[in-house]
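Below: the structure, in structure tokens.
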Amino acid sequence: MILRQIPNIFTLLNLVFGCMAIVCILQTGLTMSLDADGSSVVVLPENIYWAPLFIGCAAVIDFLDGLVARLSKSASEMGKQLDSLADVVSFGVAPGMIAFEFLRYSFAQQPGGLNVNEAWLLPAFLLPCAGAYRLARFNIDTTTTQGFRGVPIPAGGLLVASFPLIYWSTSQTWVLNLLTNQWFWYALIVVVSYLMVSTLPMMALKFKNLTVKDNWPKFLLVLLAIVAALLFKWLAVPVVFILYVVLSLALKPKAS
1256 MILRQIPNIF
1266 TLLNLVFGCM
1276 AIVCILQTGL
1286 TMSLDADGSS
1296 VVVLPENIYW
1306 APLFIGCAAV
1316 IDFLDGLVAR
1326 LSKSASEMGK
1336 QLDSLADVVS
1346 FGVAPGMIAF
1356 EFLRYSFAQQ
1366 PGGLNVNEAW
1376 LLPAFLLPCA
1386 GAYRLARFNI
1396 DTTTTQGFRG
1406 VPIPAGGLLV
1416 ASFPLIYWST
1426 SQTWVLNLLT
1436 NQWFWYALIV
1446 VVSYLMVSTL
1456 PMMALKFKNL
1466 TVKDNWPKFL
1476 LVLLAIVAAL
1486 LFKWLAVPVV
1496 FILYVVLSLA
1506 LKPKAS
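If you want my numbering, it's the 1-based position in the sequence shown plus 1255.
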């Protein structure tokens, strides 16, 4: 009986990491500071820097709970539903809050931006809504699948979660300007939400065996990810996400 609950314990740990990410995002909020000239500037608190790390931990746990369930032969319908509920928090709500804070920060760079109407920030919550819809559709699908319909919510969540790490690790002005532009965030939210709710065929990243013949697109993606990480560091995350989408659309794997 206890053995059958081990995958569920892993799934709940995924949820805990998602909650910890949200706590990091909400702590402090935007603050005022002084720049080198003594002028007041709005600062995005570094607490949000920890949120992607917790979301990354949640992603590792999300992979392991399925592996543990298969190894212990304890997969269950309850575990499937519990996994989706945890994923909504860790890869939907938490990344949505990151987008919300960056939108606030983007508006705060403008005169009077700190008093922006909340309606301009609400689009950030399209991310968790799209992710929840994606998971609900996946859960009621009973067809055999070699791929996915739409981008999986962990992929979309990890993409959004990478931007705080990019923001604090880059010195490139064009990247910093992009991440403090509200129109970039609106475009990102719309594109990622669309990719999650769409029925576009996406490649599943789980290996059923290690043969090159059956898995060459996945091996190619892993190789490209390693090269991108060496060249671009944290910027590799959006690069790999784009490569994943492009490869999936080019190969058109059979999806559920």
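Using N, Cα and C, we set each Cβ at its ideal position, and we do this for glycine too.
Identity of the residue in the options nearest residue i by Cα
i     : options                    : result
V1348 : P1262, I1310, V1445        : I1310
S1503 : A1483, R1404, K1488, V1430 : R1404
L1460 : L1450, P1262, K1473        : K1473
N1553 : L1420, V1430, S1331        : No answer is possible for residue 1553: the residues shown for the chain start at 1256 and end at 1511.
V1315 : Y1499, P1350, L1268, W1438 : L1268
A1385 : A1416, W1423, D1320, P1350 : P1350
F1280 : S1426, A1341, V1494, E1356 : The question names Phe, but residue 1280 is Ile in the sequence shown. That would be E1356, whose Cα lies nearest to the Cα of I1280.
A1505 : L1414, P1456, L1390, F1346 : P1456
T1454 : I1353, Y1388, A1416, N1470 : Y1388
W1423 : K1488, V1323, G1411        : K1488
V1343 : M1352, L1390, L1486        : L1390
S1339 : P1493, P1407, G1402, M1352 : P1407
Backbone secondary structure at residue i - three-state DSSP
i     : result
P1407 : coil
G1402 : strand
G1273 : helix
N1470 : helix
K1461 : coil
T1428 : helix
L1289 : Note that L1289 has pLDDT 48, beneath the 50 cutoff, so the model's placement of it is unreliable and the number below is only indicative. The answer is strand: DSSP assigns L1289 an E or B state.
T1266 : helix
S1331 : coil
G1367 : coil
K1507 : coil
Q1282 : coil
D1396 : coil
Heavy atom of the ligand FMN within 6 angstroms of residue i beta-carbon
i     : result
M1451 : Ligands are entirely absent from the displayed structure, and the ligand FMN is therefore not among its contents.
For residue i, the first and last residue of its enclosing beta strand (DSSP E)
i     : result
P1456 : 1456-1458
Same chain only: Cβ atoms within 6 angstroms of residue i, ignoring 5 sequence neighbours per side
i     : result
Q1282 : N1302
A1491 : A1483, A1484
F1439 : L1433
V1495 : A1480, A1483
Distance between beta carbons of residue j and residue i, contact taken as under 8 angstroms
i     : j     : result
T1266 : L1337 : 5 angstroms
A1306 : F1272 : No, A1306 and F1272 are not in contact; Cβ-Cβ is about 10 angstroms, not under 8 angstroms.
D1317 : P1409 : 6 angstroms
Y1512 : M1451 : The question about residue 1512 has no answer, for the chain in this structure spans 1256 to 1511.
L1431 : T1425 : 7 angstroms
L1379 : I1277 : Sequence inspection shows Ala at residue 1379; the Leu mentioned does not correspond to that position. Their Cβ separation, rounded to whole angstroms, is 13 angstroms, which puts A1379 and I1277 out of contact at 8 angstroms.
L1414 : V1447 : 6 angstroms
G1411 : F1346 : 7 angstroms
Where the alpha helix (DSSP H) through residue i begins and ends
i     : result
W1375 : Neither: W1375 is in no alpha helix (DSSP H) and is coded neither H nor E.
Q1437 : 1437-1452
Beta-carbon contacts of residue i that lie in its chain and below 7 angstroms, excluding the five residues immediately before and after
i     : result
M1275 : F1309
L1538 : An answer regarding residue 1538 cannot be provided, because it is not within the stretch 1256 to 1511 covered by the chain.
Beta-carbon contacts of residue i that lie in its chain and below 8 angstroms, excluding the five residues immediately before and after
i     : result
I1264 : none
N1372 : none
L1319 : F1265
M1333 : N1263
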